[in-house]
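Under full-length UniProt numbering, the first residue of the sequence shown is numbered 1, with each subsequent residue one higher. Heads up, the beta-carbon is just placed ideally off N, CA and C, and yes, glycines get one too.
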Amino acid sequence: MDHKVFLIHGFNKAASDMYPLEQYLGQMGYNCINLSFQLTFHSFEEAAAILAAQINEKIRNGEKVFLIGHSTGGIVIRKVLSDPLCASKVMRVVLVATPNQESSLAGLAHWIRPFTFVYKTLFSITPTFITQYQFFKSDVEIGATAGDRAGLLLGKMLRQRNDGRVETSSVWIPELKDYLILPYHHKQIHHRPETAKLIHHFLQTGYFLEHT
């Protein structure tokens, strides 16, 4: 196996945050491309443009690639899939704890000015922004995992089931091929070997678990 996998980290992180997942997938035979993006003070659209350029540069001659994004990294991927040329080069996608419908915490931060003015990536996942943003749908199969361990302090501020940062209901979107809730918090879910195994199963079959 020599499948290329792009790993996209979340808000205020770097490629190092995806290193455990890179190691697990590497042991399974994947060729991981783990990149750092400016996902703190910049819009997610800037990161999406960089990722799209990387895909178009590295994926050629009919080759297909997998994309995996944690948290806001998943929003970056969804933007990239809006580009038909990029989408045609992607086989499957996994979104891990991605606030696809909104981040309630980012919404709260938006009212603490100039918080989201400075941290522009956060504004990208506020209810005001993301519920109105037009993500063009593609034929790429997408799976998503959410966590439900709200042991983190900020999780206590959320009313619905959540992983300490993102509500499980926000992760789900209608176009998902498969969706799974795991017993991990937001900072842990993408570092677990169990999550890596489920991701591997989805990348190969289109489902996280055995499907009949």
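In the DSSP output, what is residue i paired with across the bridge?
i    : result
K4   : N31
V93  : L67 and I142
N162 : E167
G10  : Looking at the DSSP assignment, G10 forms no beta bridge with any residue, so it has no partner.
Between the C-alpha atoms of residue i and residue j, what's the straight-line distance to the nearest angstrom?
i           : j    : result
V80         : F6   : 12 angstroms
N56         : R161 : 38 angstroms
L39         : A47  : 7 angstroms
W172        : K58  : 30 angstroms
H190        : L182 : 11 angstroms
L85         : G206 : 21 angstroms
G73         : H211 : 27 angstroms
S169        : S16  : 28 angstroms
G147        : F41  : 26 angstroms
L35         : R159 : 34 angstroms
Q188        : A97  : 10 angstroms
E194        : S43  : 31 angstroms
S138        : Q27  : 30 angstroms
G29         : R165 : 31 angstroms
S104        : I75  : Confidence at S104 is low in this model, with a pLDDT of 45, below 50, so the placement of that residue should be treated as unreliable; the coordinate-derived value is given next. Their Cα atoms are separated by approximately 15 angstroms.
V140        : F202 : 13 angstroms
A14         : F208 : 26 angstroms
P20         : F135 : 29 angstroms
Y24         : M18  : 10 angstroms
E167        : R60  : 37 angstroms
L95         : H9   : 11 angstroms
H185        : R149 : 5 angstroms
L51         : I68  : 12 angstroms
N31         : Q101 : 31 angstroms
D2          : E22  : 14 angstroms
I82         : E45  : Checking the displayed sequence, the identity of residue 82 turns out to be Ser instead of Ile. The straight-line gap from Cα to Cα measures roughly 11 angstroms.
A144        : L176 : 7 angstroms
I77         : L180 : 19 angstroms
G155        : A49  : At G155 the pLDDT is 47, less than 50, meaning the model places this residue with poor confidence and gives no usable figure here.
residue 227 : I199 : Residue 227 lies beyond the residue range present for the chain, which begins at 1 and ends at 212; the question has no answer from this structure.
A53         : P174 : 28 angstroms
I142        : S71  : 15 angstroms
F37         : D163 : 23 angstroms
K197        : D178 : 15 angstroms
N12         : Q204 : 30 angstroms
The alpha helix (DSSP H) that contains residue i, what's its start and end?
i    : result
L209 : Element bounds for L209: n/a, residue is neither H nor E.
Would you mind reading off the limits of the beta strand (DSSP E) that contains residue i?
i    : result
D178 : D178 to L182
With a threshold of 8 angstroms between beta carbons, is residue i in contact with chain B?
i   : result
L81 : Of the protein chains in this structure there is only one, and it is not chain B.
- In chain order, which beta strand (DSSP E) runs of at least 3 residues are fully inside the region 26-87? For the region 26-87, the full-length beta strand (DSSP E) segments reaching 3 residues or more read 31-35 and 65-70 along the chain.
- How about the region 88-102 and the region 50-68: do they share at least three Cβ pairs that are nearer than 8 angstroms? yes
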